[in-house]
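Student: The structure under discussion is supplied below as structure tokens; questions concerning it will follow.
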Amino acid sequence: MSEQGGDVTRRRWLQHAAALGLGASAMPRAVASNEPFPSRPITLWVPWPAGGATDISLRILAELASVPLGQPVLTENRGGAGGTLAMPVLQQAKPDGYTIAQMPQPVFRAPHVQKVLWDPIRDVTPIIQVSSVTFGMLVAAGSSVRSLEDMFAFARARPGELTIATNGIGTTPHMVLEALFTARGLRYIHVPYKGTAEQLNAIAGGQVMAGVNSTGFGPAVDAGTLRLLAIFSSERSRRWPQVPVLRELGFDIVAKSPYGLSGPRGMSPAVIGVLHDAFKKAMFDQRFKDELAKYDQEVDYLGPEAYAQSCREIFAQERAMVEKLGLTRTGT
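Be aware that the sequence shown starts at 266, since it is given in this note's numbering, and climbs by one per residue.
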């Protein structure tokens, strides 16, 4: 590399570092020595079990991103704990770009409701926001419950018998349920599942009376296996226009859950740039957009700096919500 080229690289790195809140002293060895990246496979950690909508779409995204990267992007699943189990992986990984993970909404909430050893702002390097999911209340197609009012009436008439599934304690669906039922002084039995596929099968099979999940339920609703009672978005879905949103039912609740990809703390902006460019190209590939459409999702792109800012804002919003619901953890 020429001296002039090195100066340009350093200036670009410093500009990225300033935007991400890093100091000039953090300039990594990978940039200084011009080590090639990537020169081996990259691992994308998915904090959900295999087979769910997010897992499938991220596998396609990883496959598409492998082409511009010139190296395979391998997906590894680590489901459980409400989608937070990839955080310890990022916290312990080297910031060389070979370990990245999906960042779902629960990682910004968990530190406010329980003791964790990681921090979703301090311990990660945001790379790119990918998409956003919304949620809905579901029952089996043959259920006698045909509306949220029917569900509230059942809970009122038969306390302690209503079972509702979510994808984990502290997840967005769980938080919405707490708000819905607490507002009316009603109780329900919370049944957490590790993944979407398992939960949807439980609802359809009558193991639980209802469930709340992301729009990964789309194919099951379209197939007539499940019935959608309400959507948690700000407006009715074009796909299911007959289904009301919570605001229409008297609840000022909008549950949108953006997600993106991040790496460990301290990644070089040069490496971030390579990953960002490859995944951005993959995100706008028609194959990936078609996969998202199966779940009533669209590409919701943010670059590294904007995504980092969004993460900070979401972290603060989650703290406010947890405090409002009285779920803030006590002790240290």
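Note that the Cβ used here is the ideal one computed from N, Cα and C, for glycine as well. Keep in mind it's a predicted model, so treat the numbers as computed, not measured.
(1) Have a look at Ala581 and Val378 and give me their C-alpha separation to the nearest angstrom.
(2) Is Leu383 near Arg343, with beta carbons less than 8 Å apart?
(3) Return yes when the Cβ of Val564 is within less than 8 Å of the Cβ of Ser331, no when it is not.
(4) Would you decide whether Lys359 is buried or exposed? Buried here means 16 or more other CB atoms lie within 10 Å of its CB.
(5) Pull up the distance between the alpha-carbon of Pro306 and that of Tyr363, whole angstroms please.
(6) For Gly471, tell me which candidate among Ala495, Ser522, Val404 and Pro529 has the shortest Cα-Cα distance.
(7) Of the choices Glu414, Gly531 and Val486, whose alpha-carbon is the least far from that of Phe400?
(8) Bridge partners for Thr308 per DSSP, in chain order?
(9) Tell me which same chain residues have a C-beta within less than 8 Å of the C-beta of Phe516, skipping the five on either side of it?
(10) For the alpha helix (DSSP H) that contains Tyr572, what are its first and last residues?
(11) Measuring alpha carbon to alpha carbon, tell me which residue in Asp561, Gln551 and Pro529 is nearest Ile386.
(12) From the DSSP output, read off the bridge partner residues of Leu491.
(13) To the nearest angstrom, how far is the alpha carbon of Met440 from that of Gly450?
(14) Is it right to say Pro314 is buried, meaning 16 or more other beta carbons lie within 10 angstroms of its own, or is it exposed?
(15) Specify the secondary structure class of Tyr524 as computed by DSSP and reduced to three states.
(16) Please list, in chain order, all residues of the same chain as Gly433 whose beta carbon is under 6 Å from its beta carbon, the five residues on each side excluded.
(17) Please state if the CB of Val473 and the CB of Thr428 are separated by a distance shorter than 8 Å.
(18) How long is the line joining the alpha carbons of Leu526 and Arg423, rounded to whole angstroms?
(19) Excluding the five sequence neighbours on either side, which residues of its own chain have a C-beta within less than 7 Å of the C-beta of Arg552, listed in chain order?
(20) Could you have a look at Asp550 and say whether DSSP puts it in helix, strand or coil?
(21) So, does the segment 503 to 520 touch the segment 332 to 339, judging by three or more C-beta pairs under 8 Å?
(22) On the CB-based measure, 16 or more other CB atoms within 10 Å of its CB, does Ser290 come out buried or exposed?
(23) Using a 10 Å radius around the Cβ and a threshold of 16 neighbouring Cβ atoms, would you call Ser522 buried or exposed?
(24) What whole-angstrom Cβ distance do Asp550 and Ser502 have, given they're in contact under 8 Å?
(25) Report the option in Asp555, Thr319, Pro353 and Ala462 whose CA atom is closest to the CA atom of Thr490.
Tutor: The short version:
(1) The straight-line gap separating the alpha-carbon atoms of Ala581 and Val378 is approximately 13 Å.
(2) Residue identity check: residue 383 is Trp in the sequence provided, not Leu. For the 8 Å CB-CB criterion, Trp383 and Arg343 do not form a contact.
(3) No, the Cβ-Cβ distance between Ser331 and Val564 is not below 8 Å.
(4) Residue environment analysis places Lys359 among the exposed positions, since fewer than 16 neighbouring C-beta atoms fall within 10 angstroms of its C-beta.
(5) If you draw a straight line from the Cα of Pro306 to the Cα of Tyr363, it is about 7 Å long.
(6) Considering only alpha carbons, the answer is Val404.
(7) Minimum Cα distance to Phe400 is reached at Val486.
(8) DSSP output for Thr308 lists Leu339 and Thr364 as bridge partner(s).
(9) Excluding sequence neighbours, Phe516 sits near Ala444, Leu445 and Ala448.
(10) Going by DSSP, Tyr572 is part of the alpha helix (DSSP H) stretching over Pro569 to Lys589.
(11) Among Asp561, Gln551 and Pro529, the Cα nearest to that of Ile386 belongs to Pro529.
(12) Residue pairing by DSSP puts Leu491 in a beta bridge opposite Ala405.
(13) So the alpha carbons of these two residues sit roughly 15 Å apart.
(14) Buried, since its Cβ has 16 or more Cβ neighbours within 10 Å.
(15) The answer is strand: DSSP assigns Tyr524 an E or B state.
(16) Excluding residues within five positions, the ones whose Cβ falls inside 6 Å are Gly347 and Pro457.
(17) Remark: C-beta atoms of Thr428 and Val473 approach each other more closely than 8 Å.
(18) Each residue's Cα considered, the two are about 43 Å apart.
(19) Closer than 7 Å at Cβ, skipping near neighbours: Ile325 and Leu329.
(20) Shown here, Asp550 sits in coil according to DSSP, grouped into three states, outside any helix or strand.
(21) These segments do not touch.
(22) Because Ser290 carries a pLDDT of 39, less than 50, the predicted location of this residue cannot be relied on, and the following value inherits that uncertainty. Flag for Ser290 reads exposed.
(23) Classification for Ser522: buried.
(24) Taking the Cβ atoms as the reference, Asp550 lies roughly 24 Å from Ser502, outside the contact range of under 8 Å.
(25) In terms of Cα proximity to Thr490, the closest of Asp555, Thr319, Pro353 and Ala462 is Ala462.
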